[in-house]
Amino acid sequence: MFSVSRLCRISHLFEARIFRNFTSQPTLNRVYWLSSGNIYRNLAFETALFNNNTRYATEPSSQIRPADVVIWRSDPCVVIGRNQIAWLDANPREVEGRGWLLARRMSGGGAVFHDHGNLNISFLESRKNFDRRKCMEFLQQTLMSRWTKLNVFVGPRHDLWLLPPGLSVDANTKTVRSILEHIALLVPDGAFKFSGSASRYSSTAGLHHCTLMFDTDVSAMSAVLEPAVPEIETRASRSICSPVKNLGVTETELKSTLFGACVEWLTTDAVDEKAELITVNAGEECEWVNAKDFEANLTTFQSWDWIYGSSPKFSIPMETDSGTLLCLDCEKGRIKRLKQVKILVASTLLQRISSAIIGQSAVNHWLDKLNEALAGKPLSFEAIHNTLLEFEMSNSTGSEANGSADPFDDFSQIIDRLRAMATCF
Numbered sequence: 001m002f003s004v005s006r007l008c009r010i011s012h013l014f015e016a017r018i019f020r021n022f023t024s025q026p027t028l029n030r031v032y033w034l035s036s037g038n039i040y041r042n043l044a045f046e047t048a049l050f051n052n053n054t055r056y057a058t059e060p061s062s063q064i065r066p067a068d069v070v071i072w073r074s075d076p077c078v079v080i081g082r083n084q085i086a087w088l089d090a091n092p093r094e095v096e097g098r099g100w101l102l103a104r105r106m107s108g109g110g111a112v113f114h115d116h117g118n119l120n121i122s123f124l125e126s127r128k129n130f131d132r133r134k135c136m137e138f139l140q141q142t143l144m145s146r147w148t149k150l151n152v153f154v155g156p157r158h159d160l161w162l163l164p165p166g167l168s169v170d171a172n173t174k175t176v177r178s179i180l181e182h183i184a185l186l187v188p189d190g191a192f193k194f195s196g197s198a199s200r201y202s203s204t205a206g207l208h209h210c211t212l213m214f215d216t217d218v219s220a221m222s223a224v225l226e227p228a229v230p231e232i233e234t235r236a237s238r239s240i241c242s243p244v245k246n247l248g249v250t251e252t253e254l255k256s257t258l259f260g261a262c263v264e265w266l267t268t269d270a271v272d273e274k275a276e277l278i279t280v281n282a283g284e285e286c287e288w289v290n291a292k293d294f295e296a297n298l299t300t301f302q303s304w305d306w307i308y309g310s311s312p313k314f315s316i317p318m319e320t321d322s323g324t325l326l327c328l329d330c331e332k333g334r335i336k337r338l339k340q341v342k343i344l345v346a347s348t349l350l351q352r353i354s355s356a357i358i359g360q361s362a363v364n365h366w367l368d369k370l371n372e373a374l375a376g377k378p379l380s381f382e383a384i385h386n387t388l389l390e391f392e393m394s395n396s397t398g399s400e401a402n403g404s405a406d407p408f409d410d411f412s413q414i415i416d417r418l419r420a421m422a423t424c425f
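Mapping to the UniProt record's numbering: the sequence shown position 289 is 289, numbers consecutive.
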């Protein structure tokens, strides 16, 4: 039996949760610690918070500074930027083979490895007040105040680097700020990167997130960030490789330091009360952000169409053993068409070709049939392998198209080359 007092407490808790769900915006700034290790849930929460236009909308004359910080530690995974190609900036098969997740975030930037030795820090604030460099300088000062031996430098891409011993951060920062106005920035020699960052903006809010490597498995990171298909040709964003190093501090110390510093940083004179530190457990996200938006974001982040289907256009050049040059055009994570670029014919074969026109016509016809089979197929080993197998079975007499066995050998080489390429997906 429930006592009256306990029923009252339950009723009060229920009312409080309903209130959190339906009020337009909190008056307090908050630091959210997401206890879930699932990258999709964490990205969905961050995005739902960012999408709350009323939360970060401010009047021009307002002294209120609506801002929040979201911190999480994900299970091992790879997160690529919005405008990146998964197979060029990561190795999806390696990621999947280790039982890890691949995700695509809403912001730009390069590919990032997350694990239990890497914290994500997301800064959200009214666009009017948003300053990415100040966010990174806040982290720089926080780390150097707590660990005086650390020599931290804010890099040209709003990233964080560990400088060699003896190099003055203050002097270097002044030099960098001067360079910013005149020439391209260079990171000091001997520096190691431990934090990359990316940003996103809406009409009312700014989002800047970064990671802090404190004990990351660098070997695993290198393996999963190795391009699966380095031959890809594209105009899409590419990750920039940098020498990296862990901070070498414990998770407990780092979290405690960041929690305290972020709460203090978000507490402003315009609000009487101190900023809140909130722990959000998996399954409780909708108590703090719009439930419908969170669930929609979660569905999107987990979908193949978002992770792979959002890939920009790219092409993969290929060459068979006999010198046939091909180009596989891909769009939205699927095959668009296979093109023959050029055929290099050895002089010893010239005498064996009775009609170049007839031969080329047969090649074109065969490629047209192959394209019909491949067009629209997702870039996965299973899809490509099965399609090629079915095509071979239904076109087993392709050598009879022009009365010669040699072109059929070329056709077989094209199939074999495509099958070998498919192992990369």
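Glycine included, C-beta positions come from ideal geometry on N, C-alpha and C. All values derive from a computational prediction rather than experimental measurement.
Length of the line joining the Cα atoms of residue i and residue j
| i | j | result |
| --- | --- | --- |
| glutamate 125 | leucine 167 | 33 Å |
| alanine 356 | asparagine 386 | Low confidence applies to alanine 356: its pLDDT is 47, below 50, so where it sits in the model is not reliable enough to give any reading. |
| serine 199 | lysine 339 | 37 Å |
| asparagine 91 | leucine 225 | 6 Å |
| serine 412 | glutamate 331 | 25 Å |
| histidine 116 | alanine 373 | 43 Å |
| leucine 49 | asparagine 290 | 8 Å |
| valine 249 | tryptophan 33 | 19 Å |
| isoleucine 64 | lysine 274 | 14 Å |
| serine 36 | lysine 377 | 34 Å |
| threonine 267 | lysine 134 | 16 Å |
| lysine 245 | leucine 389 | 46 Å |
| glutamate 285 | isoleucine 278 | 11 Å |
| threonine 348 | threonine 320 | Note that threonine 348 scores a pLDDT of 45, beneath 50, so its modelled location is shaky and nothing firm can be said. |
| serine 354 | histidine 365 | Note that serine 354 scores a pLDDT of 38, beneath 50, so its modelled location is shaky and nothing firm can be said. |
| isoleucine 183 | arginine 235 | Because the pLDDT of isoleucine 183 is 29, which lies under 50, any placement of that residue in the model is unreliable, and the number read from its coordinates should be weighed accordingly. Approximately 25 Å, taken between the alpha carbons. |
| tyrosine 201 | glycine 283 | 27 Å |
| serine 404 | glycine 309 | Low local confidence applies: a pLDDT of 46 at serine 404 is under 50, so the model's placement there is unreliable, with the coordinate-based value given in what follows. In a straight line, the C-alpha of serine 404 is about 40 Å away from that of glycine 309. |
| aspartate 410 | lysine 336 | 22 Å |
| leucine 186 | valine 154 | 11 Å |
| tryptophan 161 | aspartate 131 | 19 Å |
| threonine 397 | valine 363 | Any reading at threonine 397 needs caution, since the residue's pLDDT is 49, under 50, leaving its predicted position unreliable; the model's value is listed next. Taking the straight line joining both Cα atoms gives about 14 Å. |
When the options are compared against residue i, the one with the closest alpha-carbon
| i | options | result |
| --- | --- | --- |
| methionine 106 | Ser311, Pro156, Val218, Cys327 | Ser311 |
| residue 426 | Thr324, Ser380, Thr279 | Outside the shown range of the chain, which is 1 to 425, sits residue 426, and nothing can be said about it. |
| alanine 296 | Thr58, Cys424, Leu43 | Leu43 |
| tryptophan 147 | Arg73, Leu254, Asn118, Gly260 | Leu254 |
| serine 122 | Val244, Thr423, Leu212, Arg235 | Leu212 |
| phenylalanine 314 | Glu233, Cys424, Arg55 | Glu233 |
| residue 499 | Leu418, Asp217, Leu150 | Residue 499 lies beyond the residue range present for the chain, which begins at 1 and ends at 425; the question has no answer from this structure. |
| lysine 369 | Phe391, Ala383, Ser380 | Phe391 |
| valine 341 | Phe192, Arg334, Asp68, Asp329 | Asp329 |
| isoleucine 39 | Asp131, Val229, Arg55, Ser74 | Ser74 |
| isoleucine 316 | Asn29, Trp87, Pro156 | Trp87 |
| isoleucine 71 | Trp100, Val78, Arg41, Asn51 | Arg41 |
| glycine 206 | Ala236, Met144, Asn52 | Asn52 |
| valine 78 | Ala220, Arg238, Pro60 | Ala220 |
| aspartate 416 | Ser195, Arg157, Leu326, Arg55 | Leu326 |
| arginine 104 | Leu119, Gln84, Asn129 | Gln84 |
| glutamate 94 | Asn129, Leu247, Ile80, Ala228 | Ala228 |
Inter-residue CB distance, residue i and residue j (contact presumed, cutoff 8 Å)
| i | j | result |
| --- | --- | --- |
| histidine 209 | serine 222 | Between serine 222 and histidine 209 the Cβ distance is about 22 Å, and since that is not below 8 Å, they are no contact. |
| glutamate 251 | phenylalanine 214 | 7 Å |
Limits of the unbroken beta strand (DSSP E) element including residue i
| i | result |
| --- | --- |
| histidine 385 | Taken as a continuous stretch (DSSP letters only), histidine 385 belongs to no beta strand (DSSP E), being part of the alpha helix (DSSP H) at 381-394. |
| isoleucine 278 | 276-280 |
| phenylalanine 314 | 314-319 |
| arginine 104 | 101-104 |
| phenylalanine 153 | 152-154 |
Cutoff 8 Å: residue i Cβ touching any chain C Cβ
| i | result |
| --- | --- |
| glutamate 253 | Of the protein chains in this structure there is only one, and it is not chain C. |
Continuous alpha helix (DSSP H) stretch holding residue i: start and end
| i | result |
| --- | --- |
| arginine 55 | 53-56 |
| serine 222 | 218-224 |
| tryptophan 265 | 251-266 |
Residue i - partner residues in DSSP beta bridges
| i | result |
| --- | --- |
| tryptophan 72 | Leu34, Asn120 |
| alanine 67 | Glu125 |
| histidine 114 | Cys77 |
| glutamine 340 | Leu326 |
| serine 195 | Leu160 |
The ligand FAD heavy atom lying under 7 Å from the CB of residue i
| i | result |
| --- | --- |
| threonine 267 | The ligand FAD is absent from the structure shown, which contains no ligand whatsoever. |
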